[in-house]
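At the far end of the sequence shown sits residue 616, using the numbering used here, and the numbering has no gaps.
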Amino acid sequence: MKRHWILPFLFVATGSVQATQTEIRLDFPGSRTEACSVDGSPISSARLRVQIRPDSEGVYQQQFLGCHLGNWTTIAPPTPSELHHNAGEAGFDELIAQIPRGYLNQGPTVTIAVVSVDEQGRIIDEARPLGTHGLSLAGNPLSVPALGSSRSGVIVLFGVLGLFWLWRMRRHSGALLVSGIALMIGASPVTEADLRIAPAQLDFADAANDSVNQSAAYDLRAVSAILEDRMLKVRVSYSNLERALLADTDRMLFIGNSLTSTNSLPQMLSRIALQAGKTLEVKSIVMNGASLEEHWYHSATLREIEAGNYPVVSLQQGPSSLPESQDHLLSWSVRFNAPIRANGGRPLLFMVWPDWSRLGYLDDVRNSYETAATMTEGAFAPAGIAWQRAWADDPQLALYGPDGFHPSELGTYLAALTLFCTVYQQSPEGLPAQIPRANGASTALPEATARLLQRSAWTACQNPGFPGR
């Protein structure tokens, strides 16, 4: 008789570009094997742990630990975990742990916690199940009741007795097998609800930017578990596992015109970074209506690049949608690339937007800035695309200011969110629903509007945005 076990799940996880780790903790209620305690976990004990951490080469390895005589013991050599950048839930970075089916034979049910832990083993973040679920290790939902005080339990009991009577009276060869199956199910510790709703996949979610230390590498976003090819695959998505353009404490230079200076965009970005637990020092060299060529011949601009030690330098001029303007943006971006690189920096092409009467040329603006970013191997911040994405969800958003070209405070906020996504490779979703101003004050936003803008910025940065080299 082939048994099909049911798994009720409880989840939590980790990941990081530093020496942090993800830990998947599994326990088997009712198992006769011993369990070891786990500190600070949503489950108090476990019988199996899977640790995932990067090695010195940045390759993520998974290590299996089993409980033996009250201590955790390595039971298998490390094996590589799959890492996919921007391929997980909503474009987040994803790690995939694979747990062989043979490790899951200690009992009919399993509870799981996936947690982010630091070097001291402290839990930094955890994901929450989207509901109370059980997972069938056979890979298929089962619809059978468990024996208990419910009416369905009584039905199972009478079914067992009836089949037993049938076997005794008629010696029906199949009756004993059927009654045995019914008895096994009836005596199982799995609840009726677990059996009834057991799906082939379990999903868990977590709020953005809620890790204790506010590190994107610890920040869990989603977890799913599914049995495939006799492997329990646990997919864990994080805010970011890639090396960001900027460190959590860093500086950035802005070169541009009034599209950069309106509403103090650089300072707004600095305040948004602060909301995410980062410290960003910003410096701006802006001249109203200036092109990059004019900045090149403005001696203060090159002096600041040479003296400032900026890891990222934002380059911005007008929309540059016309062919001659596209050539101009490209040639002067390439020229600026040399001194920026020579001083340890990387150019970032800050894509803006056309005025409202020429909104149909937005794709030309994108192509212009994207080409310049490609030719300089620089980063690309698609603010104009983020505006387009936001309007697709809410055409009434007032992103333009009164002149129909410069941004409103809302438009600047969305542009700053796009820059945040680009330089930190991290979604701003979950940050406070407010527009931070340079003077320390802020403008409150409806929660739905803030989430729409934050999501639009992140979506725009997935495609066609890229961080450059």
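Glycine included, every Cβ here is placed at the ideal spot set by N, Cα and C.
Taking the alpha carbon of residue i as the point to measure from, which residue in the options has its own alpha carbon closest?
i, options, result
"Ala437", "Arg377, Trp479, Gly531, Pro470", "Trp479"
"Arg482", "Val459, Thr523, Glu517, Gly465", "Thr523"
"Ala539", "Met378, Gln348, Ala607", "Ala607"
"Thr220", "Phe211, Leu439, Ser446", "Phe211"
"Ala580", "Ser371, Ser589, Phe175, Leu349", "Ser589"
"Ile243", "Thr169, Val499, Gly213, His475", "Thr169"
"Val459", "Asn435, His445, Gly465, Leu427", "Leu427"
"Arg398", "Val570, Pro227, Thr180, Val512", "Val570"
"Arg505", "Ser468, Asn490, Ala528", "Ser468"
"Val262", "Ser358, Pro227, Ser178, Cys183", "Ser358"
"Leu566", "Arg418, Gln245, Leu379", "Arg418"
"Lys425", "Gly217, Leu416, Gly187", "Leu416"
"Leu557", "Gly587, Asn252, Pro593", "Pro593"
"Ser431", "Ser386, Ala423, Gln422, Ile402", "Ile402"
"Asp366", "Ile246, Ala533, Ile270", "Ile270"
"Ile171", "Ala260, Glu241, Arg248", "Ala260"
"Ala420", "Asn456, Asp395, Gln473, Val185", "Asp395"
"Tyr508", "Gln422, Leu251, Ser472", "Ser472"
"Ser191", "Pro225, Arg248, Thr258", "Thr258"
"Asp550", "Ile532, Asp502, Leu216, Glu229", "Asp502"
"Val433", "Cys214, Gln422, Thr448", "Thr448"
"Ala564", "Ser515, Ile487, Gln422, Gly492", "Checking the displayed sequence, the identity of residue 564 turns out to be Leu instead of Ala. Leu564 has its Cα closest to that of Gln422, out of Ser515, Ile487, Gln422, Gly492."
"Trp534", "Thr518, Ser555, Gln245", "Ser555"
"Gly187", "Val264, Gly465, Ala562", "Val264"
"Pro486", "Ser446, Leu195, Arg194", "Ser446"
"Arg584", "Trp605, Thr559, Arg248", "Thr559"
"Ala617", "Ala355, Leu173, Gly249", "For residue 617 there is no data in the structure shown, the boundaries of the chain being 148 and 616."
"His231", "Val206, Val512, Arg248", "Val206"
"His475", "Thr518, Ile373, Asn456, Asn435", "Thr518"
"Glu389", "Glu241, Asp272, Gln543", "Glu241"
"Leu374", "Val512, Cys183, Leu251", "Leu251"
Could you spell out where the alpha helix (DSSP H) holding residue i opens and where it closes?
i, result
"Val512", "509–523"
"Ser603", "594–609"
"Leu566", "556–571"
"Arg536", "530–540"
What distance in whole Å lies between the Cβ atoms of residue j and residue i, which are believed to be in contact at a cut-off of 8 Å?
i, j, result
"Phe239", "Ser384", "4 Å"
"Asn490", "Ile452", "6 Å"
"Leu379", "Gln463", "Going by Cβ atoms, the distance from Leu379 to Gln463 rounds to 49 Å, so no, they are not a contact pair."
"Ser408", "Gln573", "That pair is no contact at about 25 Å."
"Pro225", "Gln209", "7 Å"
"Trp500", "Gly525", "Wrong, their Cβ atoms sit about 19 Å apart, outside the cutoff."
"Cys214", "Arg194", "5 Å"
"Asp510", "Leu599", "Rounded, the Cβ-Cβ distance is 22 Å, inconsistent with contact."
"Ser461", "Arg536", "That belief does not hold up - the Cβ atoms of Ser461 and Arg536 are roughly 21 Å apart, past 8 Å."
"Asp353", "Ala369", "7 Å"
"Ala124", "Leu412", "Residue coverage of the chain in this structure runs from 148 to 616, which leaves residue 124 outside it and unanswerable."
"Asn233", "Gln609", "6 Å"
"Val197", "Ile246", "6 Å"
"Arg275", "Phe351", "6 Å"
"Arg248", "Arg377", "4 Å"
Need the endpoints of the beta strand (DSSP E) that residue i sits in, please.
i, result
"Gln168", "168–174"
"Arg584", "Premise fails: Arg584 is in no beta strand (DSSP E) and is neither H nor E."
"Ser589", "589–591"
Per DSSP, what are the beta-bridge partners of residue i in this structure?
i, result
"Ala193", "Cys183"
"Arg200", "Gln208"
"Ser472", "DSSP output for Ser472 lists no bridge partner at all."
"Gln348", "Ile373"
"Pro494", "Val460"
"His215", "Asn218"
Checklist entry - What residue ranges within the region 351–398 form continuous beta strand (DSSP E) runs of no fewer than 3 residues, ordered along the chain? => result 367–375, 378–385
Checklist entry - For the region 218–279, which segments carrying the beta strand (DSSP E) assignment without a break, of at least 3 residues, lie completely within its bounds, in sequence order? => result 218–227, 229–231, 240–247, 258–264, 270–273
Checklist entry - Where in the region 400–461 do unbroken runs of the alpha helix (DSSP H), each at least 4 residues long, occur, reported from the N-terminal end onward? => result 405–408, 412–422, 439–443, 446–455
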